[in-house]
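Straight run, no breaks: the sequence shown in numbering that gives the first Met the number 0 ends on number 348.
Just so it is clear, CB atoms sit at the ideal spot from N, CA and C, and this is done for glycine as well.
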Amino acid sequence: MTRLLTPAGESLMAEPANDLSPIRTTRVLFALTETELGIFFNGELPSPDPDHIQVFRYPEGHEDWQSVLEDVQPDILVSCWKTPTLPEAWLQRLDCPLRYVCHLTGSVRHVVPRSFLEDGGLVTNWGGIAAPQVAEHALLLALAALRNLPTWRRWDKTQIPATQTLFEKSVGIHGFGKVARCLVDLLRPFGVRARAYSDGVPASLMQSHGVTPAASLQELFSQSEVLFDCEALNELTELSVSDALLAALPDNAVFVNVGRGRIVDEDALAREAASGRITVAIDVVTHEPLPPDSPLATLPRVIYSPHIAGPTGDQFPHCGKLALENIRHYINHAPLDARVTLDIYDRAT
């Protein structure tokens with residue numbers, strides 16, 4: 000059966016899906032905006048198992064999130080970008096029924112306190128669905144930078160085009176998560192010499208993907224004609240790409256960032272791009288949207304895409320399907336896909 004909570008907090012019950020439903024069915028709260036519901040579920044509130052599940056909808060803009068949680072008493076929360084943070088005080092109550100947060104996108108930090116996982120709560124997200132598209136976009140940005148895309152509108156046959164190829168380049172990858180590993184596969188046809196660095200990642204994992212581990216970030220940057228930043232943001236990686244590292248890049252190098260903006264000293268990045276020594280291609284910045292007067296928005300040696308790497312629009316319904324499959328797995332006591340562990344939680348942004 001489906002209940003819709005009105006902004007006043009009253010419950011409106013739709014027609015029951017099955018009159019023989021158990022007295023205490025699993026209660027699922029979809030805390031999604033209309034836009035999110037449209038993107039992931041084609042605008043229709045789904046019911047993964049109508050015989051055993053009650054589905055509730057959190058009204059967009061409701062002012063008292065905790066009162067909604069107390070009224071619905073959800074066993075499962077389906078969350079997304081705009082879902083409010085779960086109150087720790089409510090989570091710590093002995094009568095709190097919430098056991099599983101099924102997150103539709105990537106990082107859950109803005110919704111789920113770390114203590115929920117520490118206390119045994121289950122969390123899933125979209126897993127690796129976005130990784131191939133983000134890697135694809137990283138390759139696109141690199142090729143666009145190498146082929147000097149910003150100059151394409153200036154037709155001048157009297158000058159030799161300042162373009163480069165990706166074939167047989169020395170490539171560095173900062174980070175070695177799912178995006179980086181997908182990127183390695185995409186780079187193979189180009190015959191690149193690939194190195195990677197990510198603190199805590201075993202050298203054997205990189206080597207198993209045909210990638211040479213770099214001893215340090217300094218070594219990685221100084222030897223990379225094309226540098227892809229795919230690293231997760233955490234206390235160790237924040238601003239880890241410093242002015243000294245950017246200065247270590249070879250002349251005419253390309254720097255691509257599809258990780259997180261805060262990993263990079265963006266003032267130093269702008270100075271390097273302004274010097275004309277390197278070309279920058281980024282999908283992420285520290286403050287989004289990028290201010291129109293930012294050097295990264297105006298410099299000719301910078302290519303900027305507005306955080307659109309992935310998933311692509313045609314992949315969002317697959318994220319919704321994964322969420323519904325995981326809810327069915329939870330109901331049937333089956334293993335969940337795309338589990339968010341404490342380690343994944345800490346490495347995400």
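Through-space distance from residue j to residue i, alpha-carbon basis
i	j	result
R338	S239	28 Å
E230	H173	6 Å
D250	S223	10 Å
A7	D266	For A7, the predicted model reports a pLDDT of 31, less than 50, meaning its position is unreliable; a value from the coordinates is still stated below. Those two C-alpha atoms are separated by around 47 Å.
S203	G209	10 Å
Y329	L341	19 Å
Q206	V170	15 Å
A130	C181	7 Å
V107	G120	13 Å
L245	F166	23 Å
G37	T84	22 Å
Y283	W151	Per the sequence presented here, residue 283 reads as Val, with Tyr not at that position. Spanning the two alpha carbons is a distance of roughly 23 Å.
V133	L31	24 Å
F175	I343	13 Å
A333	H286	40 Å
R153	T278	18 Å
Q314	I281	22 Å
L76	Q217	43 Å
V255	P201	24 Å
N41	E62	26 Å
L142	V183	15 Å
C95	S241	45 Å
Near the ligand COA: residue i beta-carbon under 6 Å from a heavy atom
i	result
I159	This structure does not include the ligand COA; it has no bound ligands of any sort.
Cβ pair residue i, residue j closer than 7 Å
i	j	result
V263	A308	no
V100	S66	no
C318	F39	yes
R194	L219	yes
H51	T34	no
R98	D74	yes
P310	I159	no
T82	V111	no
A269	P288	no
P45	L323	yes
R327	D48	yes
R276	E237	no
Inter-residue CB distance, residue i and residue j (contact presumed, cutoff 8 Å)
i	j	result
S221	A247	4 Å
S114	L90	7 Å
V253	L116	V253 to L116, Cβ: 38 Å. No contact.
K168	V191	5 Å
A296	P290	7 Å
W125	L321	7 Å
Where residue i falls, given that 16 or more other Cβ within 10 Å makes a residue buried
i	result
S197	buried
G199	exposed
K156	exposed
N331	exposed
L226	buried
L235	exposed
R187	exposed
T104	buried
R300	buried
H136	buried
T164	exposed
A243	exposed
Spatial neighbours of residue i in its chain, beta-carbon cut-off 7 Å, leaving aside the 5 residues before and after
i	result
N233	D345 and R346
R26	Q53, F55, V71, Q72, P73 and D74
A179	I172, A195 and C229
L68	W89
Close Cβ partners of residue i (< 8 Å) along its chain, the five nearest in sequence each way excluded
i	result
T148	For the record, residue 148 in the displayed sequence is Leu; it is not Thr. Counting only Cβ-Cβ distances below 8 Å, and skipping sequence neighbours, we find I302.
N325	C101, T123, L335, D336 and A337
T162	L145, R146 and N147
E43	L36
Own chain partners of residue i with C-beta closer than 6 Å, once the 5 adjacent residues on each side are dropped
i	result
L298	A272 and A273
L138	L185
W64	P83
F189	L165 and F166
S20	For S20, the pLDDT reaches just 41, beneath the cut-off of 50, and the residue's location in the model is therefore unreliable, leaving the point undetermined.
I22	Unreliable placement is indicated for I22, whose pLDDT of 48 sits below 50; no coordinate value is reported for it.
P86	Q65
P212	A202 and M205
P316	none
Within-7 Å CB hit, residue i to chain B
i	result
A161	Chain labels in this structure do not include chain B; a single protein chain is all it has.
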